[in-house]
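First up is the structure itself, then whatever we jot down about it.
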Amino acid sequence: MEENMGSGVFYSRVQEKLDSLSKKERETAEYMAAHQGQLIYASITELAELVGTSEATVTRVCGKLGYRGFQALKVSVARELVTPQEKIHEDLQPDAPAEAIIEKIFSSAIETLVMTQRAMDATAVKRSINALCSARRIVVLGNGNSGSIAMDAQHKLLRVGLDAHAYTDDHLQMIAVSSLTAEDVVLAISHSGSSRNAADAARLARERGATVISITNNGISPVSKLANIRLYTYSQETRYRTYAISSRMAELTIIDTLYTGVALKMGEQAIDNFEALEKALIVKKY
Numbered sequence: 001m002e003e004n005m006g007s008g009v010f011y012s013r014v015q016e017k018l019d020s021l022s023k024k025e026r027e028t029a030e031y032m033a034a035h036q037g038q039l040i041y042a043s044i045t046e047l048a049e050l051v052g053t054s055e056a057t058v059t060r061v062c063g064k065l066g067y068r069g070f071q072a073l074k075v076s077v078a079r080e081l082v083t084p085q086e087k088i089h090e091d092l093q094p095d096a097p098a099e100a101i102i103e104k105i106f107s108s109a110i111e112t113l114v115m116t117q118r119a120m121d122a123t124a125v126k127r128s129i130n131a132l133c134s135a136r137r138i139v140v141l142g143n144g145n146s147g148s149i150a151m152d153a154q155h156k157l158l159r160v161g162l163d164a165h166a167y168t169d170d171h172l173q174m175i176a177v178s179s180l181t182a183e184d185v186v187l188a189i190s191h192s193g194s195s196r197n198a199a200d201a202a203r204l205a206r207e208r209g210a211t212v213i214s215i216t217n218n219g220i221s222p223v224s225k226l227a228n229i230r231l232y233t234y235s236q237e238t239r240y241r242t243y244a245i246s247s248r249m250a251e252l253t254i255i256d257t258l259y260t261g262v263a264l265k266m267g268e269q270a271i272d273n274f275e276a277l278e279k280a281l282i283v284k285k286y
């Protein structure tokens, strides 16, 4: 259903620039203007498929409308659609009692975990576990909010004795993947799947022959398109935040699933690593 939003800065920009756009660019801009509520949920790949164009065309349109990129455009549109308070949480009011906040946030996290569990592809999980166990080297990628998830993955994989390193800096990510081979694995984490840094590094890793595993929210995205193995979270985040909350729980649980599967597959080797780790860390506790 179309959302004919004929006002606002974004709509005005589209109307001003229409005559200067090519046919495909015009179709893309008109679609975005007519579906602003849907737009803020979509990845650049999904939007391109809906319009029947390319990601490059969407990016060009964003630039011609005066935005640095698709994500910047989405944030700008979201600001026009909602009040400042809704950017914190659309279902909670400023005077919401603690009980209501607890109920909403915990219920959202539980729902996300249940939906993700039901949708998990056991074959993809098995392939991921096998790839990680046989990898010479594992590079974990995560920027911004996904950086903490990447660090958690590094921590767990190191505990079982795998050579895993997390990189949250875009330059270091490219440096790290540039020396990979077909014996290596990249674990790329991006809730939106639209992180340019993760996509650039994943693309180079594929060119080097490495196996790429992606963890993104459900849907087609630049990062998931580049992956050999795709793992998805399913979360109903509130519409207008530029970062994910409940999806982080699902991402961490997927990491725990992979970690447990790897440990079970490694068997005695994993147990030996656990015991060596306990001895090494015992001096760090009173």
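Its first residue numbered 1, the sequence shown is counted upward by one per residue in full-length UniProt numbering. For glycine and all other residues, C-beta sits at the position ideal for the given N, C-alpha and C. Note that this is a predicted model, so its numbers are computed, not measured.
Item to check | For tyrosine 259, the three-state DSSP class (helix, strand or coil) | outcome: helix
Next on the checklist: What does the alpha-carbon distance come out to for the pair alanine 270 and lysine 23?
Outcome noted: 58 Å
Next on the checklist: I'd like the span of the alpha helix (DSSP H) that includes valine 114, first residue to last.
Outcome noted: Here the alpha helix (DSSP H) through valine 114 covers 98 to 119.
Next on the checklist: Quick check on the burial criterion: 16 or more other C-beta atoms within 10 angstroms. Buried or exposed for threonine 123?
Outcome noted: exposed
Checklist entry - With burial defined as no fewer than 16 other Cβ atoms inside 10 Å of the residue's Cβ, what is the status of isoleucine 282: buried or exposed? => result exposed
Checklist entry - Alpha carbon to alpha carbon, what distance is there between threonine 168 and glycine 63? => result As the crow flies, the alpha-carbon of glycine 63 is around 27 Å from that of threonine 168.
Checklist entry - Helix or strand or just coil, what does DSSP make of alanine 270? => result helix
Next on the checklist: In this structure, how does DSSP classify valine 177 when only helix, strand and coil are distinguished?
Outcome noted: helix
Checklist entry - Beta carbon of serine 194, beta carbon of serine 43: below 8 Å? => result yes
Item to check | Among Ile254, Asp184 and His191, nearest to glutamate 207 - alpha-carbon criterion | outcome: Of the candidates Ile254, Asp184 and His191, the one whose C-alpha sits nearest the C-alpha of glutamate 207 is Asp184.
Item to check | Pair within 8 Å by beta-carbon distance, isoleucine 40 and alanine 72 | outcome: no
Checklist entry - Would DSSP call asparagine 218 helix, strand or coil? => result coil
Checklist entry - Are leucine 158 and alanine 150 touching if we call contact CB-CB under 8 Å? => result no
Checklist entry - Rounded to the nearest angstrom, how far is the Cβ of leucine 180 from that of leucine 132, given a contact under 8 Å? => result That pair is no contact at about 14 Å.
Checklist entry - Opposite histidine 165 in the DSSP bridges: which residues? => result Val139
Checklist entry - Within 10 angstroms of its Cβ, does serine 142 collect 16 or more other Cβ (buried), or is it exposed? => result It is worth fixing the name first, because residue 142 is glycine in this sequence and not serine. Result: buried.
Checklist entry - Just checking my contact of tyrosine 31 with leucine 50 at CB under 8 Å: how many whole Å lie between their CB atoms? => result Confirmed, about 7 Å.
Next on the checklist: Taking the alpha carbon of alanine 188 as the reference point, which residue from Gly209, Ala182, Gly147 and His155 has its own alpha carbon closest?
Outcome noted: Gly147
Item to check | As assigned by DSSP and simplified to three states, the class of isoleucine 189 | outcome: strand
Item to check | Option in Gly267, Val160 and Val114 with minimal Cα separation from tyrosine 234 | outcome: Val114
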